[in-house]
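Heads up, the final residue of the sequence shown is numbered 577 in the numbering used here, and it's a clean run with no missing numbers.
Below is one structure, written out as structure tokens; comments come after it.
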Amino acid sequence: MENRFRKYTVSAISQLYGEEIDQSLVQLQETRNDFEGDLTLVVFPYLRFSKKPAEQTGEDIGKWLKENAEGVESFSVIKGFLNIVVRNSEWLELFKDIAGSDNYGFSSPAEDSPVILVEYSSPNTNKPLHLGHIRNNLLGYSLARILEANGNNVCKTNIVNDRGIHICKSMVAWKRFGNGETPDKKEEKGDHLVGRYYVKFNDEYNREIDSLVAEGMTREEASEKAPVLEEAREMLRGWEAGDKEIRELWERMNSWVYKGFDETYRSLGVSFDKIYYESETYKHGKRIVEEALNREILYKKEDGSVWADLTGDGLDHKILLRSDGTAVYMTQDLGTAVDRYEDYKFDKQVYVVGNEQNYHFQVLKLILKKLGYSWFDRIYHFNYGMVELPSGKMKSREGTVVDADELVETMYETAREMSEELGKLGDDTNTDKEMILRKIGLGALKYYILKVDPKKNMLFNPKESIDFNGNTGPFIQYTYTRINSILRKAGKKKECVDTRVEINKKEKDIIRRLSVFPSIVREAGITLSPSLIANYCYDLAKEFNQFYHDYTILGEKEKQKRDFRIELSFQTGYMLKNGMWLLGIDLPEKM
């Protein structure tokens, strides 16, 4: 509706004042509650064309719209603001279009639609997933759904960092202190078991440093010469050389971690279309680096390490191979990027990685350009802020991370406590209650994280996220179940829209909210911002609850109005379900 009135305004300025303006100059907004009207046009930008006072210019444009624009019932001018009352029939025709559309706001991908890869998760196999990974996974999964809803062919990818010095640290600690224990023997998730040994390595490393310092070394020397670190370095060299015993241990411990990861991904409700492994892509990366060295695009230092000189582009020198020939993160990222382009010929590759890696992706893009890959500018780093708990920052090597599995269970238990306290679950069976509580807990977690602008750091408060009032997932879930309750009692689902019924301002407000869903989905896809979807869902749920509070639905005696309100409820629930689906959040049918 707003777009149509923007076009009308452009025509009005052209015919009244002989000036051609762009639609971007048309400032339309919802009329404030204390004035009569549906849409308000800001008149001030046109005074230079009209050469008249603001109120007279508003009168001119209002009269033109009343005579020439379909749907204008009346208007009023308050200073430099033209308030337009839109005919009842216009709102109903708009609602009829919404109700008659399949998947309103969603576009289906075609064969020739852009191909977009979204990489998220990217875990290391030396520790379980933590709160930071949760934000990463939820953002990545939601972005993939939003991009797909905008008509793109989307592939959800993951790169598992399953090799490197950090992996060897866990392996060394397990060899030294593990006594052959396994996840089955300990009745412990494999990723948790391996993570314990990563912390154990760090404890032993610090102990050895202190011992060497006591013998007379400087702390800096001791940090480099601690025996346990030397052992990890030697293990990494053996791994890259294909040492059979090291490889067998690596495969065994990684298999424990993969099984644990899969459980966590299932509990979070995220998935991937393609998983890449650093242990495979780093080989391609090394070949790319060696070829570039032969072409003198890169250079080698006296110690044998290989570097890229980026100083001409305002950056510094970047190592790509260590002096012992082992690869670094950048090496595998080069190999992964090239592998993915060869696999998918993508139009865009979105890396969902925290903002502490901004410089890394600047370098990756620049090196790809230097190496002659024409698609270097198709990669995009979607950076996001850190997430913390009230207790502060997390450090995996010190064992102070907030474990993802424990947090999901905490959310579930918090949902139980608050639901029982508020009496939200009624007489559901135990099985139903458990399923609903899972949805409430997980929905609260996902929504609380996704409603925040991704660029911002955030503080996560489990208790606050499960409030059934305010801008939370449970508030939207509860609104949806309220709508479902209305529809069940009505014994109806979708109705044909009667365009002759008289509707009130609250009903118009809901129609307006429903109508902008496609533009919200479009903007979220352009800006890569799930928070736009989250806050849209909250605004719609809040609007419906105000309407529900002020007007009866099933108790309305006039059949036309009753049927319309039932259909309005149905469409609101449908839009909430689609919006929350874009966030990866399930809505329970009842609570």
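We put the CB at the ideal spot given by N, CA and C, even for glycine.
On a predicted model such as this, the values are computed, not experimentally measured, just so you know.
Please report the distance separating the alpha-carbon of E234 from that of D391. 28 angstroms
What does DSSP give as the partner residues of I145 in its beta bridges? Y262
Please classify T317 as buried or exposed, where buried requires at least 16 other C-beta atoms within 10 Å of its C-beta. Looking at its Cβ environment, which holds 16 or more other Cβ atoms inside 10 Å, T317 is buried.
Rounded C-alpha distance that separates E395 from S253: 10 angstroms
Taking the CB atoms as reference points, tell me whether Y184 and S156 lie closer together than 8 angstroms. yes
Hey, could you find the ends of the alpha helix (DSSP H) E493 is sitting in? For E493, the enclosing alpha helix (DSSP H) has its first and last residue at K491 to S501.
Buried or exposed: E26, going by 16 or more other Cβ atoms within 10 Å of its Cβ? Checking the sequence, you will find Thr at residue 26 rather than Glu. T26 is buried by the Cβ-count criterion.
Taking the alpha-carbon positions, what's the L526 to R499 distance? 6 angstroms
Are L103 and I47 closer than 8 angstroms when you measure CB to CB? no
Using the Cα positions of E249 and G570, report the straight-line distance between them to the nearest angstrom. 17 angstroms
Excluding the 5 residues preceding and the 5 following T322 in the sequence, name in chain order all residues of the same chain whose CB lies nearer than 6 angstroms to its CB. I145, Y262 and T267
Note the first and the last residue of the continuous alpha helix (DSSP H) segment covering Q42. A40 to N54
What number of angstroms, rounded off, separates the C-alpha of G202 from the C-alpha of A218? 23 angstroms
Among I84, A(-2) and D83, which has the Cα closest to the Cα of T43? T43 has its Cα closest to that of A(-2), out of I84, A(-2) and D83.
The alpha helix (DSSP H) spanning I84 covers which residue range? N74 to A85
Can you grab the Cα-Cα spacing for the pair Q546 / V487, in whole Å? One Cα belongs to Q546, the other to V487, and the distance between them is close to 6 angstroms.
Closest by C-alpha distance to I519, when choosing among L125, D24, E237 and N69: L125
Quick one: using the 10 Å Cβ neighbour count with 16 as the cut-off for buried, is I353 buried or exposed? buried
Once DSSP output is grouped into helix, strand and coil, what is the label at V349? helix
Near L423, what residues of its chain come up, given a Cβ to Cβ distance below 7 angstroms and the 5 sequence neighbours on each side ignored? Y398, A401, R402 and S405
Tell me the DSSP secondary structure of R383 in three-state form. Low confidence applies here, because R383 scores a pLDDT of 42, under 50, leaving its location unreliable and the question unanswered by this model.
Counting pairs of beta carbons, one from the stretch 324 to 342 and one from the stretch 359 to 369, are three or more of them closer than 8 angstroms? Contact between the stretch 324 to 342 and the stretch 359 to 369 is established, with three or more Cβ pairs separated by less than 8 angstroms.
Using only alpha-carbon positions, find the residue among N139, S128, L179 and E226 that is nearest to T111. Minimum Cα distance to T111 is reached at L179.
Please work out which residues of its chain come closer than 7 angstroms, Cβ to Cβ, to D302, disregarding the five sequence neighbours upstream and downstream, and give them in chain order. L296
Where E542 and N123 are concerned, what is the direct C-alpha to C-alpha distance, given to the nearest angstrom? 45 angstroms
Taking the C-alpha atoms as reference points, what is the distance between K269 and G246? 26 angstroms
If you draw a straight line from the C-alpha of H119 to the C-alpha of V256, how long is it? Taking the straight line joining both Cα atoms gives about 12 angstroms.
Counting only the same chain and skipping the five closest in sequence on each side, list residues whose C-beta sits under 8 angstroms from that of W293. L284, Y285, K286, K287, H303, K304, I305 and L306
Just reading off the beta strand (DSSP E) that L320 is part of, what are its end residues? Bounds of any beta strand (DSSP E) do not take in L320; it lies within the alpha helix (DSSP H) bounded by Y315 to Y330.
Please list, in chain order, all residues of the same chain as P169 whose beta carbon is under 6 angstroms from its beta carbon, the five residues on each side excluded. G176, L179 and W242
With a 10 Å radius around its C-beta and 16 neighbouring C-beta atoms as the bar for buried, classify K442 as buried or exposed. exposed
Own chain partners of N74 with C-beta closer than 7 angstroms, once the 5 adjacent residues on each side are dropped: E488 and I489
Would you verify that the beta carbon of D46 is, or is not, closer than 8 angstroms to some beta carbon of chain B? Considering every chain present, this structure includes no chain B. It has just one protein chain.
Is I472 close to the ligand MG? I mean its beta-carbon at under 7 angstroms from any heavy atom of the ligand. You won't find the ligand MG in this model; it holds no ligand whatsoever.
Using 8 angstroms as the threshold, is the C-beta distance between F81 and I497 below it? If you check the CB distance, F81 and I497 come in under 8 angstroms.
Quick check: P516 and L133, are their CB atoms within less than 8 angstroms of each other? no
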